[in-house]
Structure formats: C-alpha cells, structure tokens
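One structure is given below, encoded as structure tokens.
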Amino acid sequence: MHSKDVSLILATRRSMVRAAYASGPNHQRGPGNGPAFIERSADIHHAVKDIITSKTFDNGVICASEQSIIVEGCIYDEVHRELEAQGAYFMNEDEAAKMAALLRPERHHQPKVVGKTALYLSQMAGFCVPASTKVLIAEQTTVSPKNPTRAKTVPGARPVRGRRLESRCHRVVELLTNEGLGHTLVIHTRNQDVIRQFSLEKPVNRILINTPAALGGIGATTNISPALTLGCGAVGGGSSSDNVGPMNLLNIRKVGYGVRSIDELRAPGSRPEPQPTIVSPASDPQRSILDDLRFNAPANAAPARSAGSDDRFASAGAASMEGEINEQNVERVIRQVLERLAK
C-alpha cells in the first residue's frame, strides 16, 4: 500500500483501516453491528422473513446484516414463535457459550467461521440443531463487549426484549456504541412517528425501513447508492458517510472564472434578500432526479457561431450561463449538461 502507484485505498476492518491510515489517502468503513427493531405495529411475519433472508444471504457476510433483534415486550412471544417457524434455532445458555467461544476466541474474530452455515457452525461448536435450521439465536439481556452483542459475519443474531419506547431507543444506542456507530439500523414498523424519531436521533448513516438490512444497506432493495463499502462518517471515525461508489474515487478539478469584482460585492443592494424556503411533500419520493420532466425537456438551441470563431471550446460554451443567475437559467444549464453526458 505504500507504492507510489497507489492513489487511494479502500479499507475495511480495524487492522486494515489502521494500515490504510498509515499509508496515505483512503476511504474506510467501520464494523457493522446493525440492530433490527421490530415495533408493535410491524407485520411480524414479514419482518421475521426479512431478517432471516438477510442473515442467510451469503451467510451474514455483508456488513449491513442484522446482528441484534430488539423486540417490544408486548409482541415478544409472537416474534419468538415466528422466528422458530421460519427456521431460527434458539440456543440455550450452554450452547450460546460454546458458540461465543467459537466466534471470538480470546475476544478476536475467528476467520474460519466467516460465511459458514448455521448447521456447520453448530457442529464446530459441539452441539446439534435440526437440519432445517437457518439462523442461530442467543437471547440476551445485557449489552457488553464480553457477550455476543458485536458484529458477526455468520448467520446468527440475538434478540433483546424492550418494554417502553424509551428503553428500546436506549438499547439501540447501547448496541451501536458497543460496536457499529455510524453504520446501519433497520426498523420494522408501520408507525411513521417511530420512523421519524429513530431517523432523527440514532447515530447511524443508513436507516432502513421494512427491508432485509443486508440487501437494503447495499442498495439492492432500496434506492440507496449500490456499494459494498459502507462509510460510517465522522461518528464512526471515518471520512465519509456514503455508500462508497465511483464518484467517491474521483478527484474533480474545478475551473472558476471571475464573474464579478470585489467592488460589485461591496456595492449596496448587490446581495439578494434571503427568501423563505418552502418545502412541499414529494408526489413520488422514489423518483430519480433524472426522471424529473424539468430535466428531460429539450434544451434551448445553442447560439449560432460565425465561420471564423474559435470552436475549440464549443462544448463548454454549450453549457454556459447566460443572463442573470436564476432558477430558469440553472435548470437550462443542467439540461444541457445531462444531454451532453447522454451522448
């Protein structure tokens, strides 16, 4: 990584991140330890199906996959029954201790368990489970670095019971603080107030609603940018909160022409009066900006050029700003740029 031919490093996992920081410019992601919160208004069958689908996709390798299940006390028994019906196996205390020792001997992640099936893991740990088992679950009452409430790249999770909304909110933050700050949280609910509260308060950069976290976090079942490197932002000790994609790997040079003098800026009345911002609900929140009719209308024809004019910079001239800076002119320039990019 110290080679002069390396311009930028994408790093995951703590040891790799430390090496990357010592080597030069980099994008890093922190560990995922995403909780799944099942709220009382959720479709329980669908929520459990999403969680098991997520944990069995690549056997839990994707960092956004659920690591804990937080359940309201009033629906805990129903969720427990649904998990068992869909292939989850609840380990007893002895089995959970054996599995914890297998996953993190001496508190370090065990590479040989990564991406293995629930059946294979139970055999390695020394206990038997039904052949239909898809996910291993260990019930927990506390959050600590010493118990299995940390990231695991295996098809396993742990449910945590909560009685009041305040205690559930606190438990989510506890789990993320234990490991996973800035990464991912998934909520299963029909209550928009709960979605709003969690979205505003929880220290993560991806909040997923009613979807498998492993697939939603990487953009497969959501409109989040598709990526397998998921930034944790400043709260997670990183530089970016994005799903790191091609645009994060580009260094873009800007060329700015002087369009006004300092005297013009100092002149009375040169600054526009601030206008109130009006926010209206989107009629179709999932529509891409590129589908907006304002950006797909035909661009205005470019002004004719004389035979003797210099056309070396014709493409730049096609997207130049003419007249004052207003909404209509900005939209016109955007349309022209999009048309050029589509050619």
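Numbering (full-length UniProt numbering), first residue to last: 1 to 343. Glycine is no exception: its CB is placed at the ideal position from the N, C-alpha and C atoms. From a predicted model like this one, the values you see are computed outputs, not experimental measurements.
Check, Outcome
"Between which two residues does the alpha helix (DSSP H) harbouring PHE198 extend?", "192-201"
"Where do the N-terminal and C-terminal ends of the alpha helix (DSSP H) with HIS45 fall, by residue?", "44-56"
"What do you get for GLN328, buried or exposed, if any count of 16 or more other CB atoms within 10 angstroms of its CB means buried?", "exposed"
"Would you call MET247 buried or exposed, if buried means 16 or more other Cβ atoms sit within 10 Å of its Cβ?", "exposed"
"Could you round the C-beta distance between ILE44 and GLU72 to whole angstroms and report it? I think they count as a contact, below 8 Å.", "With a Cβ gap of about 10 Å, ILE44 and GLU72 do not count as contacting."
"Determine whether the beta carbon atoms of HIS183 and VAL204 lie at a separation below 9 Å.", "yes"
"Count the other CB atoms, across all protein chains shown, that sit within 10 Å of the CB of ALA214; report buried if there are 16 or more and exposed otherwise.", "buried"
"Please look up how many angstroms separate the CB atoms of SER240 and GLY233, rounded, as I've assumed it's under 8 Å.", "7 Å"
"Is SER122 helix, strand or coil when you go by DSSP?", "helix"
"Please report the straight-line C-alpha distance between GLU201 and VAL172, rounded to a whole angstrom.", "11 Å"
"DSSP on GLY245, reduced to helix/strand/coil?", "coil"
"Roughly how many angstroms lie between the CA atoms of ARG168 and ARG332, to the nearest whole one?", "49 Å"
"Would the beta-carbon of LYS55 fall within 9 Å of that of VAL135?", "yes"
"So the candidates are TYR76, GLN140, CYS63 and THR177; which of them puts its Cα closest to the Cα of VAL114?", "CYS63"
"Just to confirm, are VAL194 and SER41 a CB contact at a threshold of 9 Å?", "yes"
"Got a sec? Which residues, its chain only, sit under 8 Å from SER199 by beta carbon, not counting five neighbours each side?", "ILE207"
"On the CB-based measure, 16 or more other CB atoms within 10 Å of its CB, does GLU66 come out buried or exposed?", "buried"
"How should LYS4 be labelled, buried or exposed, when 16 other C-beta atoms within 10 angstroms of its C-beta is the threshold for buried?", "exposed"
"Give me the Cβ distance between THR133 and LEU119, rounded to the nearest whole Å; I'm assuming they're in contact under 8 Å.", "6 Å"
"Looking at the structure shown, is GLU72 part of a helix, part of a strand, or coil, going by DSSP?", "strand"
"Starting from LEU10, trace the beta strand (DSSP E) both ways and give me its first and last residue.", "9-12"
"Cutting at 7 Å between CB atoms, please list the residues of its own chain near VAL330, excluding the five before and the five after it.", "none"
"Determine the closest residue to PRO31 out of GLY237, GLY87, PRO276 and LYS254, with distance taken between C-alpha atoms.", "GLY237"
"From the DSSP output, read off the bridge partner residues of LEU230.", "ASN243"
"Could you tell me which residues DSSP puts in a beta bridge with GLY115?", "DSSP, once it has assigned bridges, lists no residue as partnering GLY115."
"Determine whether the beta carbon atoms of TYR89 and PRO35 lie at a separation below 9 Å.", "no"
"How many Å lie between GLN110 and GLU174 at the Cα?", "24 Å"
"State yes or no: is the C-beta of ALA267 within less than 9 Å of the C-beta of GLY245?", "no"
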